[in-house]
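Chemist: Each number in this note's numbering comes from the position in the sequence shown (counting from 1) with 1 added on. Where is the CB? At the ideal position from N, CA and C, for every residue including glycine.
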Amino acid sequence: MRSKKFLRAEQAALIWDAPGLMAGVDEAGRGPLAGPVVAAAVILDDLNPILGLADSKKLTALKRERLYDEIRAKALCCSIAEATVEEIDSLNILQATMLAMRRAVEGLRLKPAKVLVDGNRLPVLDVLAEAIVKGDSKVQAISAASILAKVHRDRWCLELHAKYPQYGFDAHKGYGTAAHLQALKEHGATPWHRKSFSPVAEVLK
Numbered sequence: 002m003r004s005k006k007f008l009r010a011e012q013a014a015l016i017w018d019a020p021g022l023m024a025g026v027d028e029a030g031r032g033p034l035a036g037p038v039v040a041a042a043v044i045l046d047d048l049n050p051i052l053g054l055a056d057s058k059k060l061t062a063l064k065r066e067r068l069y070d071e072i073r074a075k076a077l078c079c080s081i082a083e084a085t086v087e088e089i090d091s092l093n094i095l096q097a098t099m100l101a102m103r104r105a106v107e108g109l110r111l112k113p114a115k116v117l118v119d120g121n122r123l124p125v126l127d128v129l130a131e132a133i134v135k136g137d138s139k140v141q142a143i144s145a146a147s148i149l150a151k152v153h154r155d156r157w158c159l160e161l162h163a164k165y166p167q168y169g170f171d172a173h174k175g176y177g178t179a180a181h182l183q184a185l186k187e188h189g190a191t192p193w194h195r196k197s198f199s200p201v202a203e204v205l206k
């Protein structure tokens, strides 16, 4: 007679192998000194393929913009979510990233049977999930999610640049470049800077 433990393991495998919709998830903005961290979740349509999907960091800004519109038009569904600067400062950037990813998955119009997440950590989800290192270059749905998240955050940085042109957010997108660090020293921090990040904390002393 089979043990209950064995049966549970067998059932879990059967559930994992069950067919269903697959969502890819990725984030943008873990490293910058300012702004929200953004996550996206995408369920692609196998009958409506999108050519040229790749890790967003390997694409030009123009190519990302074009693919962003195509993904929004052709995917079965997609969702973009954020964790705020306040959440980043109170939770830490890793936990805020996991929160943004969970919000992105929960925002999907269709519920996936499984979720593939770029990286080596998983957010808390109520569906089966797997973390895939370098998934944004291996899984098309994750590539699509990386593009949505990256373009969304870059557009946010352009809006911030219009309010605070002296910081150069249009160029560095919030990362701690020499020009950004110099602007922080000269002008102090904006309300959108992450106070828990050491270069920002230094100017707030």
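Take the Cβ of Arg122 as the centre, count every other Cβ of all protein chains shown within 10 Å, and call the residue buried at 16 or more, exposed below.
Modeler: Arg122 should be labelled exposed.
Chemist: CB-CB under 6 Å to Val43, same chain, minus the five flanking residues each way: which ones, in chain order?
Modeler: Cβ within range, chain order: Gly25, Ala76, Cys79, Ala142, Ala145, Ala146.
Chemist: Tell me which same chain residues have a C-beta within less than 8 Å of the C-beta of Tyr176, skipping the five on either side of it?
Modeler: If we look at Tyr176 and ignore the five residues flanking it on each side, its Cβ neighbours are Gly32, Pro33, Leu34.
Chemist: As a quick exercise: from Glu187, Val201, Lys186, pick the residue whose alpha carbon is nearest that of Trp193.
Modeler: If we check each option's Cα against that of Trp193, Val201 comes out closest.
Chemist: With which residues is Ala190 paired in a DSSP beta bridge?
Modeler: DSSP lists no partner for Ala190.
Chemist: Where do the ends of the alpha helix (DSSP H) carrying Ala55 lie?
Modeler: Run containing Ala55: none; DSSP gives neither H nor E here.
Chemist: Can you look up Lys242 in the DSSP assignment and give me helix, strand or coil?
Modeler: Because the chain in this structure spans residues 2 to 206, residue 242 falls outside the shown range and cannot be described.
Chemist: How would you label Val39, buried or exposed, when you count the other beta carbons within 10 angstroms and need 16 or more for buried?
Modeler: By the 10 Å Cβ count, Val39 comes out buried.
Chemist: Is Gly108 helix, strand or coil when you go by DSSP?
Modeler: DSSP places Gly108 in coil when its eight states are reduced to three.
Chemist: In whole angstroms, what separates the C-alpha of Leu159 from that of Leu117?
Modeler: Answer to the nearest angstrom: the Cα atoms are 30 Å apart.
Chemist: Grouping DSSP H, G and I as helix and E and B as strand, with all else coil, what is Asp27?
Modeler: Three-state DSSP puts Asp27 in a strand.
Chemist: To the nearest angstrom, report how far apart Met2 and Lys115 are at their CA atoms.
Modeler: Any reading at Met2 must be qualified, since the residue scores a pLDDT of 41, below 50, and its modelled position is unreliable; the value itself is stated next. Computed Cα separation, rounded: 31 Å.
Chemist: Determine the direct distance from the alpha carbon of His181 to that of Thr191, and round the result to whole angstroms.
Modeler: If I take the Cα positions, the gap works out to 12 Å.
Chemist: Would you identify the three-state DSSP class for Ser138, choosing helix, strand or coil?
Modeler: Helix.
Chemist: With respect to the alpha helix (DSSP H) encompassing Val86, which residues constitute its N-terminal and C-terminal limits?
Modeler: Segment 86-92, the alpha helix (DSSP H) holding Val86.
Chemist: Taking 8 Å as the limit between beta carbons, can you name the residues of its chain near Ile133, skipping five residues before and five after?
Modeler: Result list for Ile133: Leu117, Val118, Asp119, Gly120, Lys139, Val140, Ile143, in chain order.
Chemist: Is Ser147 helix, strand or coil by DSSP?
Modeler: Helix, per DSSP.
Chemist: What residues in its chain sit with their C-beta under 7 Å from that of Arg65, if we drop five residues either side in the sequence?
Modeler: Ser57, Ile148, Lys151, Val152, listed in sequence order.
Chemist: Quickly, what does DSSP pair Ile81 with across the bridge? List them, please.
Modeler: The partner list for Ile81 (beta bridge, DSSP) reads Ala41.
Chemist: Who are Leu129's beta bridge partners in DSSP?
Modeler: Leu129 pairs with Lys115.
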